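Take a look at the structure below.
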Amino acid sequence: MRNSRIPLLILQLTLLCGCAIDNCSTIRTDDLDGTYVYMANPIDTIRINAKGNYSYHTFRFDKQLMNSGTWHYDSSNCRIVFADFSFLTDTMEFLNGPGHGFWSPQIRKKKNEIQLVYATDIQKGYYLKID
Numbered sequence: 001m002r003n004s005r006i007p008l009l010i011l012q013l014t015l016l017c018g019c020a021i022d023n024c025s026t027i028r029t030d031d032l033d034g035t036y037v038y039m040a041n042p043i044d045t046i047r048i049n050a051k052g053n054y055s056y057h058t059f060r061f062d063k064q065l066m067n068s069g070t071w072h073y074d075s076s077n078c079r080i081v082f083a084d085f086s087f088l089t090d091t092m093e094f095l096n097g098p099g100h101g102f103w104s105p106q107i108r109k110k111k112n113e114i115q116l117v118y119a120t121d122i123q124k125g126y127y128l129k130i131d
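Numbering (the working numbering), first residue to last: 1 to 131.
Right, dumping it as C-alpha cells:
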C-alpha cells in the first residue's frame, strides 16, 4: 500500500514543476512592453518599452517623481532586471543624480495577466500590466 503512493507523488510533483516552468516559458520579451500599476498603492506605475527602457513614476510629498533607466529580461530566472532603479523613497537629493542600483522582480502570469512581484507577503504586492 505504501509503495502505491510513490507514483502518485511523482506525478503530482511533475505536474507542479511543469506548471511553474510553463508559467515563465510562455512570457516573451515583447509581452512585457506596457504600463504596470502597483495594486497595493496605485499611484506607483512603471512603463516598460520593448526597446529596453523603463520609467518609474510615483508621488511623494505632493510632487510627481520619476526615474528611468534600462531593463532586460532574464528568462532563465523569470525576472526583469531594472538598472539604475530607485523606488524614490530616498532623500530628495536622489533627483539630482543617477540611479542607485537595480531591482529584479519575479515575473508571473496568472490568467493571462502579467505581474511583477514586489512582495509576496503584502496583499496585492505586485505590479499588474494594464496595457
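Ideal placement from N, C-alpha and C gives every residue a C-beta, glycine not left out.
Predicted, not measured: the structure shown is a model, and the values here were computed from it.
What is the rounded straight-line gap between the Cα of residue i and the Cα of residue j?
| i | j | result |
| --- | --- | --- |
| LEU128 | LYS63 | 23 Å |
| ARG79 | ILE46 | 15 Å |
| ILE27 | LYS111 | 13 Å |
| ASN67 | GLN106 | 20 Å |
| VAL37 | ARG108 | 15 Å |
| ASN53 | GLY101 | 15 Å |
In its own chain, which residues sit with a C-beta less than 7 Å from the C-beta of residue i, not counting the 5 before and 5 after it?
| i | result |
| --- | --- |
| TYR126 | MET39, GLN115, LEU116, VAL117 and TYR118 |
| TYR73 | THR29, LEU32 and ILE80 |
| ILE122 | ALA40 |
Identify every residue that forms a DSSP beta bridge with residue i.
| i | result |
| --- | --- |
| ALA50 | Beta-bridge pairing links ALA50 to no other residue. |
| THR45 | VAL37 and HIS57 |
| ASP74 | ARG79 |
| LEU65 | THR58 |
Residue i lies in the beta strand (DSSP E); which residues open and close that run?
| i | result |
| --- | --- |
| ASP84 | 79-85 |
| LEU128 | 126-129 |
| GLN123 | Neither: GLN123 is in no beta strand (DSSP E) and is coded neither H nor E. |
| LYS110 | 106-110 |
Excluding the 5 residues flanking residue i on each side, which residues of the same chain have their C-beta closer than 8 Å to its C-beta?
| i | result |
| --- | --- |
| ALA50 | THR29, ASP30, LEU32 and ASP33 |
Just to confirm my understanding: we take residue i, look at its own chain, exclude 5 residues before and 5 after, and list those with CB closer than 6 Å. What are they?
| i | result |
| --- | --- |
| ILE21 | In this prediction, ILE21 has a pLDDT of 40, which is less than 50 and means its spatial position is unreliable; nothing more can be read from the coordinates. |
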